[in-house]
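J.: Just dropping this structure here.
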Amino acid sequence: YPLCALAVSDERPVSTQSTWGFKMIDLYTVPEYYYGLLVTLSLTLILAILFFPRKQQTALYPNMPYTPFKLIEKVNITHNTRRFKIALQTPSTVLGLPIGKHFNLRFFDEQGDEIIRPYTPVTSDDELGYVELVIKIYPKGMMGQYLDHLNIGDSIDIMGPKGFIHYDMPSHITLTRLRNTKDFGFETINMIAGG
Numbered sequence: 001y002p003l004c005a006l007a008v009s010d011e012r013p014v015s016t017q018s019t020w021g022f023k024m025i026d027l028y029t030v031p032e033y034y035y036g037l038l039v040t041l042s043l044t045l046i047l048a049i050l051f052f053p054r055k056q057q058t059a060l061y062p063n064m065p066y067t068p069f070k071l072i073e074k075v076n077i078t079h080n081t082r083r084f085k086i087a088l089q090t091p092s093t094v095l096g097l098p099i100g101k102h103f104n105l106r107f108f109d110e111q112g113d114e115i116i117r118p119y120t121p122v123t124s125d126d127e128l129g130y131v132e133l134v135i136k137i138y139p140k141g142m143m144g145q146y147l148d149h150l151n152i153g154d155s156i157d158i159m160g161p162k163g164f165i166h167y168d169m170p171s172h173i174t175l176t177r178l179r180n181t182k183d184f185g186f187e188t189i190n191m192i193a194g195g
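1 is the number of the first residue of the sequence shown in the numbering used here; add one for each residue after it.
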């Protein structure tokens, strides 16, 4: 540890040549402004890490294929409404569903037909590692009946994000259908929720 020894010693070292042929740093010859520069660079790096964190991994991404996700909890809200909690890829993964989008759930029935239904979650990207859906179970609803009969640990196929509307910035919506894109700017927006 020659550098440490040089840093704490009150005497100048006799030799700055190491046994490996590399020249050792003589801390007595380093100008004081280098220390200031080193402190400034260190603080800049720390602030960059704190205020510009790495982008979080998202469970959904464009052109995503159907991917199995594990059911980890099923709660009865009413006699015919359930809350399904689904684990994402890792405990720190966020769903990554933009405003104005939904995702699809899929299963295959007994005849091998593909059954697909769109859903929007009741959770947001503030929740890490899971997504929740609240679904009313209708007697003849194919997806609802399928989900209601799943056991904890079973897989659910999810694909997304899907949808034509993208709320991409305050007071602005982009609508994309086929190859046509339209931009809409507005001052106020009225929203109606239903289910």
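In this text, a Cβ means the ideal position worked out from N, Cα and C, and glycines have one as well.
Measure the Cβ-Cβ separation of P121 and F103 and say whether it is below 9 Å.
T.: Going by C-beta atoms, P121 is nearer than 9 Å to F103.
J.: Cα separation between I173 and L95?
T.: I173 and L95: Cα-Cα distance of roughly 21 Å.
J.: Check the DSSP bridge columns for G185 and list the partner residues they point to.
T.: Answer is H172.
J.: Going by CA-CA distance only, name the one from A193, E187 and R177 that's closest to M169.
T.: Per the Cα distances, E187.
J.: Which runs of the alpha helix (DSSP H) spanning at least 4 residues fall entirely within the region 122-147, listed in chain order?
T.: None, since the region 122-147 contains no complete alpha helix (DSSP H) of that length.
J.: Starting from N76, follow its DSSP beta bridges and name the residues at the other end.
T.: In DSSP, N76 forms a bridge with R82.
J.: Looking at C-beta atoms only, is the number of pairs between the region 58-70 and the region 144-159 that lie closer than 8 Å three or more?
T.: Because the criterion of three Cβ pairs below 8 Å is met, the region 58-70 and the region 144-159 touch.
J.: Determine the contact status of T81 and I135, defining contact as a CB-CB distance below 9 Å.
T.: Yes, they are a contact pair.
J.: Compare the Cα-Cα distances from P118 to each of S155, D126, F107 and F51 and report the closest residue.
T.: Comparing Cα positions, the closest option is F107.
J.: Need the endpoints of the beta strand (DSSP E) that S155 sits in, please.
T.: Looking at the DSSP string, the run of the beta strand (DSSP E) that includes S155 is S155 to K162.
J.: Just to confirm, are Q145 and I152 a CB contact at a threshold of 9 Å?
T.: Against a cut-off of 9 Å, the Cβ pair of I152 and Q145 comes out as no contact.
J.: Decide if I115 is buried, meaning its Cβ has at least 16 other Cβ atoms within 10 Å, or exposed.
T.: Flag for I115 reads exposed.
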